[in-house]
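This report concerns only the one structure given below.
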Amino acid sequence: PPRITEDFTAVLAWADDVRRLGVRANADTGADAAKARELGAEGIGLCRTEHMFMDAERLPVVQSMILAETTEERAAALERLLPMQQADFEEILTAMSGLPVTIRLIDPPLHEFLPDLVEQSVHVQRLEEAGTTGPELDDARELLAHVKRLSEMNPMLGTRGVRLALLYPEIARMQVRAIARAARAVRERGQDPHVEIMVPLVGFDEELRRMREVVEETWAEEVPGDDVPHSVGTMIELPRAALVAGAIAAHADFFSFGTNDLTQTTVGISRDDAEGSFLGAYVEAGILPGNPFASIDVDGVGELVRTGVRKGRDTVPDLKTGVCGEHGGDPASIALFDEIGLDYVSCSPYRVPIARLAAAQVSLGTS
Ligand code: PEP
Ligand code: MG
């Protein structure tokens, strides 16, 4: 009923007047970005670019890029992906015109792009048993060899994030090109794009220094007059990154704390297995107060966020800081982030109103 909607809107407007902490949303599509804006998001804090690669139509192109034997083959595959990425970014930047949009460069582990190792082994075995010969068997064997070479025992601690981008800088270049072209196109249509390019899984300042060079070089090629606002920053999602944040900040315009990975790597519990694992029994037995992936582990992960912000700001006093892990939509975690002095939290679009209220509550001292 309209009355409830009106009251809700009035309460949220009042919350916005009292809160200090900014509230952004995590969104990967134009539709999600529009929904987030409707719900009061003040920008996008995390646009994960992975889904753009996993789309059924695009995956074969991505596979051909990773399995390419020559630089030319890889360049050709990337050339096909570029306009698709550009279209994705145009939608999001249009929906968020006038507000900051943080686009994160590619993050998933390599193996996610490739067929499953076991399935591919079985496939080759079946072809051999059936007496198949010729190109079909040769191709299947070749693919199996590639999958074996690229498979890792611990992919979440393997070739992902900035490591992947440094190994295949042409992927990052393609993404930056797509972002820059999208921003220019949107600007030409009278909109106001504010792009923040974010590098994931940085643990060493040298990684960000090199990646920033790649990003800035490519940006300068695409936007010669540099007349479209852009900045470059990093996720802080490894304990080491928080501990050496001062050195990392020398190459960053902003930090965004990825508390999902930061929790996983700090408490040493797999984020993908947490649900059905020993964690439930631990919480029930009172060994842990709750699921640290849902509400921030104040003494461990919280301390690393605090350390990261302090060290980062020692180097760059006006460093912009936010959080884009799941905790950005959790009221208890929001209270800690406000106390630490982060500039904003970013959460899923439907949690934006909750985050606005939680941020107001902590400003009023009632949380
Ligand atoms: C994180 O690690 O907290 C994060 C936001 O990135 P992702 O969940 O995509 O790893
Ligand atoms: Mg992460």
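Sequential numbering from 14 applies to the sequence shown in our numbering.
Glycine included, each C-beta is placed from N, C-alpha and C at the ideal position.
Next on the checklist: Quick test of your reading: Val257 and Asp218, contact by CB under 8 Å. State the CB separation rounded to the nearest angstrom.
Outcome noted: Within the sequence shown, the letter at position 244 stands for residue 257. Within the sequence shown, the letter at position 205 stands for residue 218. Indeed, because the Cβ distance is near 6 Å, the residues count as touching under 8 Å.
Checklist entry - Which word fits Arg186, buried or exposed, when buried means at least 16 other C-beta atoms lie within 10 angstroms of its C-beta? => result For the purposes of this step, residue 186 is taken as residue 173 along the sequence shown, with counting starting at 1. With 16 or more other Cβ atoms within 10 Å, it is buried.
Next on the checklist: Helix, strand or coil, according to DSSP, for Ala81 in the structure here?
Outcome noted: The sequence position of residue 81 within the sequence shown is 68, counting from 1. Coil.
Checklist entry - Is the Cβ-Cβ distance between Asp41 and Arg61 less than 7 Å? => result The count along the sequence shown starts at 1 and reaches residue 41 at position 28. The count along the sequence shown starts at 1 and reaches residue 61 at position 48. Going by C-beta atoms, Asp41 is nearer than 7 Å to Arg61.
Checklist entry - In chain order, what residues place their C-beta within less than 5 Å of a heavy atom belonging to ligand 2? => result Glu250, Gly271 and Asp274
Item to check | Counted within 10 angstroms of its Cβ, other Cβ atoms place Thr379 as buried (16 or more) or exposed | outcome: Numbered from its first residue, the sequence shown carries residue 379 at position 366. With fewer than 16 Cβ atoms within 10 Å of its Cβ, Thr379 is classed as exposed.
Checklist entry - With DSSP run on the structure shown, which of helix, strand or coil describes Arg117? => result Taking the sequence shown and counting its residues from 1, the one referred to as residue 117 is at position 104. Note: Arg117 maps to strand in three-state DSSP.
Checklist entry - Under three-state DSSP, which class holds Thr342? => result As a position in the sequence shown, residue 342 is number 329, starting the count at 1. Strictly speaking, residue 342 in this sequence is Gly, with Thr absent from that position. If DSSP states are grouped into helix, strand and coil, Gly342 belongs with the helices.
Next on the checklist: Considering only the alpha carbon of each residue, which of Ala255, Ala195, Glu220 and Leu140 lies closest to Leu317?
Outcome noted: As a first step, residue 317 must be located in the sequence shown, where it is residue number 304. Of the listed residues, the one whose Cα sits closest to Leu317 is Ala255.
Checklist entry - At what residues does the beta strand (DSSP E) containing Asn39 begin and finish? => result Numbered from 1 along the sequence shown, position 26 holds the residue referred to as residue 39. Residues Gly35 to Asn39.
Checklist entry - Measuring CA to CA, which of Ala191, Asp205, Thr22 and Asp327 is closest to Arg93? => result Along the sequence shown, read from residue 1 onward, the residue named residue 93 stands at position 80. Ranking Ala191, Asp205, Thr22 and Asp327 by Cα distance to Arg93 puts Ala191 first.
Checklist entry - By Cβ distance, which residues of its chain are closer than 7 Å to Leu179, with the 5 residues on each side in sequence left out? => result Numbered from 1 along the sequence shown, position 166 holds the residue referred to as residue 179. Excluding residues within five positions, the ones whose Cβ falls inside 7 Å are Glu220, Arg223 and Met224.
Next on the checklist: Comparing C-alpha positions only, which one of Pro302, Asp266 and Val215 sits nearest to Val329?
Outcome noted: The residue you call residue 329 lines up with position 316 of the sequence shown. Val329 has its Cα closest to that of Asp266, out of Pro302, Asp266 and Val215.
Checklist entry - Among all the DSSP beta bridges, which residues are the ones paired with Ile210? => result Within the sequence shown, residue 210 is the residue found at index 197, counting from 1. Beta-bridge pairing links Ile210 to Ile116 and Val245.
Item to check | Extent of the continuous alpha helix (DSSP H) to which Arg253 belongs | outcome: As a position in the sequence shown, residue 253 is number 240, starting the count at 1. Counting along the chain, the alpha helix (DSSP H) containing Arg253 begins and ends at Pro252 to Leu256.
Checklist entry - Does DSSP classify Arg154 as helix, strand or coil? => result Taking the first residue of the sequence shown as position 1, residue 154 is located at position 141. Three-state result, Arg154: helix.
Item to check | Nearest residue (CA-CA) to Ala89, options Met248, Val75 and Phe102 | outcome: Here residue 89 refers to the residue found at position 76 when the sequence shown is read from its first residue. Checked all of Met248, Val75 and Phe102; the closest Cα to Ala89 is Val75.
Checklist entry - Per DSSP, what kind of secondary structure is Thr62 in: helix, strand or coil? => result As a position in the sequence shown, residue 62 is number 49, starting the count at 1. It is coil, neither helix nor strand.
Next on the checklist: With the cut-off set at 7 Å, would you say Ile184 and Met109 are in Cβ contact?
Outcome noted: Taking the sequence shown and counting its residues from 1, the one referred to as residue 184 is at position 171. Taking the sequence shown and counting its residues from 1, the one referred to as residue 109 is at position 96. No, these two residues do not count as a Cβ contact at 7 Å.
Checklist entry - For Trp232, does the count of other Cβ atoms within 10 angstroms reach 16, so buried, or fall short, so exposed? => result Looking up residue 232 in the sequence shown gives position 219. Looking at its Cβ environment, which holds 16 or more other Cβ atoms inside 10 Å, Trp232 is buried.
Checklist entry - Does DSSP classify Ser269 as helix, strand or coil? => result Looking up residue 269 in the sequence shown gives position 256. In the structure shown, Ser269 sits in a strand (DSSP, three-state: E or B).
Next on the checklist: For Thr278 and Tyr181, I'd like the C-alpha separation in whole angstroms.
Outcome noted: Position 265 of the sequence shown, counting from 1, holds the residue named residue 278. Position 168 of the sequence shown, counting from 1, holds the residue named residue 181. The alpha-carbon atoms of Thr278 and Tyr181 are separated by roughly 25 Å.
Item to check | Bounding residues of the beta strand (DSSP E) (the contiguous stretch that carries Thr320) | outcome: Along the sequence shown, read from residue 1 onward, the residue named residue 320 stands at position 307. Thr320 -> not in any beta strand (DSSP E); alpha helix (DSSP H) instead, spanning Glu316 to Thr328.
Next on the checklist: On the criterion of 16 or more Cβ atoms from any shown chain inside 10 Å, does Leu370 qualify as buried, or is it exposed?
Outcome noted: Your numbering for residue 370 matches position 357 in the sequence shown. Buried, since its Cβ has 16 or more Cβ neighbours within 10 Å.
Checklist entry - Expressed to the nearest angstrom, what Euclidean distance is found between the alpha-carbon atoms of Met97 and Gly271? => result Against the sequence shown, residue 97 aligns to sequence position 84. Against the sequence shown, residue 271 aligns to sequence position 258. Met97 and Gly271: Cα-Cα distance of roughly 27 Å.
Checklist entry - Which partner residues of Tyr357 appear in the DSSP bridge assignment? => result What you label residue 357 is simply residue 344 of the sequence shown in a count that begins at 1. DSSP, once it has assigned bridges, lists Gly35 and Gly335 as partnering Tyr357.
Next on the checklist: Using only the alpha-carbon positions, how far apart do Glu13 and Asp310 sit?
Outcome noted: An answer regarding residue 13 cannot be provided, because it is not within the stretch 14 to 380 covered by the chain.
Checklist entry - Going by beta carbon distance, what residues of the same chain come within less than 7 Å of Asp356, once the five residues before and after it are set aside? => result Position 343 of the sequence shown, counting from 1, holds the residue named residue 356. Excluding residues within five positions, the ones whose Cβ falls inside 7 Å are Gly35, Lys333, Thr334 and Gly335.
Next on the checklist: I need the straight-line Cα distance from Gln374 to Ala49, nearest angstrom please.
Outcome noted: One-based indexing of the sequence shown puts residue 374 at position 361. One-based indexing of the sequence shown puts residue 49 at position 36. About 21 Å.
Checklist entry - From Leu118 to Ser361, what does the alpha carbon distance come to, in whole angstroms? => result On the sequence shown, position 105 is the one that residue 118 refers to. On the sequence shown, position 348 is the one that residue 361 refers to. Cα to Cα, the separation comes out at about 19 Å.
Checklist entry - Nearest CA to the CA of Ala193: which residue from Leu156, Gly203 and Glu235? => result Taking the first residue of the sequence shown as 1, we reach residue 193 at position 180. Answer by Cα proximity: Glu235.
Next on the checklist: Among the candidates Leu25, Trp27, Arg33 and Asp29, whose CA atom is the shortest distance from the CA of Ile353?
Outcome noted: Here residue 353 corresponds to residue number 340 of the sequence shown, with the count starting at 1. For Ile353, the nearest C-alpha among the options comes from Arg33.
Checklist entry - If you count every other CB in all the chains shown that lies within 10 Å of the CB of Val131, and 16 or more means buried, which is it? => result Taking the sequence shown and counting its residues from 1, one reaches residue 131 at position 118. With fewer than 16 Cβ atoms within 10 Å of its Cβ, Val131 is classed as exposed.
Checklist entry - Quick one: is the Cβ of Gly246 within less than 6 Å of any heavy atom of ligand 1? => result As a working note, residue 246 is residue 233 in the sequence shown. Because no heavy atom of ligand 1 lies under 6 Å away, the Cβ of Gly246 does not count as near it: no.
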